[in-house]
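Residue numbers (the numbering used here), protein chains in the order written: chain C, 4 to 256; chain A, 4 to 358.
Positions of the beta carbon are idealized from the N, C-alpha and C atoms, including for glycine.
Comments concern the structure below.
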């Protein structure tokens, strides 16, 4: 362990809870050199903070508005130097059981100083939580997708996505405004966001909300095929023969 | 050593007292509340149903059935309506009698009424036909007995819901989430603002005193409202600016009697499902007023469409519904609805005060 002070970020939506952690960390500072480099009140703020101000440790509350701690941890994985993560929670029977199973570090609020100190001294040796484990801890779909862009992590609200298309080793995310490249598999995305999206082609998932209608288009060889018309995007996407049933199920045009 | 020796003892004694409080019958047998609309409806419907059944049995063919029914109804209806009126008028003195005496009084009343019905209905014969009058008596006593038995069984069937409500109050009412977060918030205050910490702990003590109390008797609305204010102060401590509360209690009858903890669990739901998932400030509004001898309590909070944990909310609503049904039968209602991103719970109960 280096002699540099441990840089810590506190993420909790309740001000008293953040103050309490600050007090406790101050007490710990007598034993471990550390400094609190920032505070955030939800996952979105925390991700922005950690990009401008890297830290060694993030203390994450689980239940927060906008983006909860478990989802934030999944996005933090994509940082070039992700902080060690310690979850804090007042009560969450589900999460606690899962933490035990996956050996993820967590602290129960009210937190004891000795427990906090223990967790901080362990971060160098404890393995970081695996992404797959984090996904299991939080079976609901993420609220945002995160992509690397110009050395930064950029969040795209899942509700903004019009379609997802697999291209070689990437998935293209299409929103009304832009395209982004995502390094995840389309199959896994379909598992996670199956409620919001429908597969129209082996390589394409479309947001059900964005389907304006279906249209028959003649092909050069004389046959016709169906395409999806989208709201907000000019493009028309082909429906594969195998997925033609969705034209009947969702067809409005 | 001493601590180790006493600790198990205290924990078992707590357990024992909880167990006995479940097993013992908390409700002594009592006559039904004769001025409750639900009770009257139940009596009206069941007596007519029995008359209907009697006509079906008596009528030789489907053809004569209507006539039979009309004849029976001609005897039953006056007795039934006068009984309801008298029971309504006499419900207070009747309720004061011991259960057995009360039963005897009601049966005697029915006996007199059926005799009177026979007297005025069948004056054709000068001499009293003992056979006919005793059939009237048997019918009258039988019907009253069956109904009184039914009301007794019904209150027994519903009463465990109420005695259990006390335990549930401890286990489910106060979310552990709220308890631990509040303790954490108080801890955060101790160094910087000890005065505020003291006040918060006092609020918590009051809240838990009510939660652990015997909550089977109705209590004044004013007390429930004070409890809710204390609860919301604790939540304010944690959530600060994010929690805005609007009270509309100008037309509230402070001495109206309500089941204890009828509002607080709903406020807890409102905070958990409506305020905590919001990053921006959210408003909880509470509107309590009296209209046409009914007390209305309307709670509104922001609705989060993709919020999770809806099981907890349903459980609290069902528990309150059960308690309203036990206290007020058909006259207590709880309705919930969602409109324009606002979740609303509306409770209506009859206006009752201690006399």
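Using a Cβ cut-off of 8 Å (strictly closer), state whether residue i contacts chain C.
i	result
residue 345 of chain A	no
residue 304 of chain A	no
residue 279 of chain A	yes
residue 188 of chain A	yes
residue 179 of chain A	yes
residue 148 of chain A	no
residue 174 of chain A	Because residue 174 of chain A carries a pLDDT of 46, less than 50, the predicted location of this residue cannot be relied on, and the following value inherits that uncertainty. Taking Cβ atoms only, chain C never reaches closer than 8 Å to residue 174 of chain A, which makes this a no.
residue 184 of chain A	yes
residue 246 of chain A	no
residue 214 of chain A	no
residue 273 of chain A	no
residue 49 of chain A	no
residue 192 of chain A	yes
residue 276 of chain A	no
residue 157 of chain A	no
residue 241 of chain A	yes
Using the Cβ count rule (16 or more neighbours within 10 Å means buried), how would you classify residue i?
i	result
residue 39 of chain A	buried
residue 91 of chain A	exposed
residue 16 of chain C	buried
residue 130 of chain C	exposed
residue 321 of chain A	exposed
residue 112 of chain C	buried
residue 141 of chain A	exposed
residue 70 of chain A	exposed
residue 187 of chain A	buried
residue 300 of chain A	buried
residue 267 of chain A	buried
residue 207 of chain C	buried
If you draw a straight line from the C-alpha of residue i to the C-alpha of residue j, how long is it?
i	j	result
residue 260 of chain C	residue 193 of chain A	An answer regarding residue 260 of chain C cannot be provided, because it is not within the stretch 4 to 256 covered by chain C.
residue 85 of chain C	residue 216 of chain A	50 Å
residue 213 of chain C	residue 234 of chain C	5 Å
residue 222 of chain A	residue 357 of chain A	9 Å
residue 333 of chain A	residue 44 of chain A	9 Å
residue 290 of chain A	residue 326 of chain A	21 Å
residue 42 of chain A	residue 298 of chain A	20 Å
residue 93 of chain A	residue 335 of chain A	23 Å
residue 126 of chain C	residue 87 of chain C	6 Å
residue 9 of chain C	residue 251 of chain A	51 Å
residue 224 of chain A	residue 258 of chain A	6 Å
residue 228 of chain C	residue 171 of chain C	24 Å
residue 264 of chain A	residue 199 of chain C	40 Å
residue 89 of chain C	residue 178 of chain A	24 Å
residue 128 of chain C	residue 156 of chain C	27 Å
residue 237 of chain C	residue 146 of chain C	25 Å
residue 73 of chain C	residue 95 of chain C	12 Å
residue 114 of chain A	residue 144 of chain A	7 Å
residue 164 of chain C	residue 201 of chain A	50 Å
residue 247 of chain C	residue 186 of chain C	28 Å
residue 152 of chain C	residue 204 of chain C	27 Å
First and last residue of the beta strand (DSSP E) that includes residue i?
i	result
residue 347 of chain A	345-353
residue 38 of chain A	Careful: residue 38 of chain A lies outside any beta strand (DSSP E) and carries neither H nor E.
residue 87 of chain C	87-92
residue 146 of chain C	Here residue 146 of chain C belongs to no beta strand (DSSP E), and DSSP marks it neither H nor E.
residue 178 of chain C	173-178
residue 64 of chain C	60-64
residue 297 of chain A	297-305
Examine chain A for any beta-carbon lying closer than 8 Å to the beta-carbon of residue i, and answer yes or no.
i	result
residue 160 of chain C	no
residue 93 of chain C	yes
residue 224 of chain C	no
Over what stretch of residues does the alpha helix (DSSP H) that includes residue i continue unbroken?
i	result
residue 342 of chain A	No alpha helix (DSSP H) holds residue 342 of chain A; the beta strand (DSSP E) holding it covers 336-342.
residue 234 of chain A	224-242
residue 264 of chain A	Looking at the DSSP string, residue 264 of chain A is not in any alpha helix (DSSP H), and its letter there is neither H nor E.
residue 92 of chain A	68-99
residue 249 of chain C	248-253
residue 190 of chain C	189-196
residue 202 of chain C	Element bounds for residue 202 of chain C: not the alpha helix (DSSP H) but the beta strand (DSSP E), 200-204.
What residues in the segment 97-124 of chain C bring their beta carbon closer than 7 Å to a beta carbon of chain A?
Only those residues of the segment 97-124 of chain C whose C-beta falls short of 7 Å from the nearest C-beta of chain A are listed: 112 and 113.
Taking any Cβ of chain A, which residues in the segment 14-36 of chain C have a Cβ under 7 Å from it, in chain order?
Residues 17, 18, 19, 20, 22, 23 and 26.
Using a beta-carbon distance cut-off of less than 8 Å, what residues from the segment 61-86 of chain C approach chain A?
For the segment 61-86 of chain C, the set of positions with a beta-carbon nearer than 8 Å to some beta-carbon of chain A reads 66, 68 and 69 in chain order.
Quick one, which residues of the segment 194-206 of chain A are near chain C if we go by CB-CB under 9 Å, in chain order?
Residues 194 and 195.
Residues of the segment 282-296 of chain A in Cβ contact with chain C at a cutoff of 8 Å, in chain order, please.
Against chain C - using a Cβ distance shorter than 8 Å - the residues of the segment 282-296 of chain A are 282.
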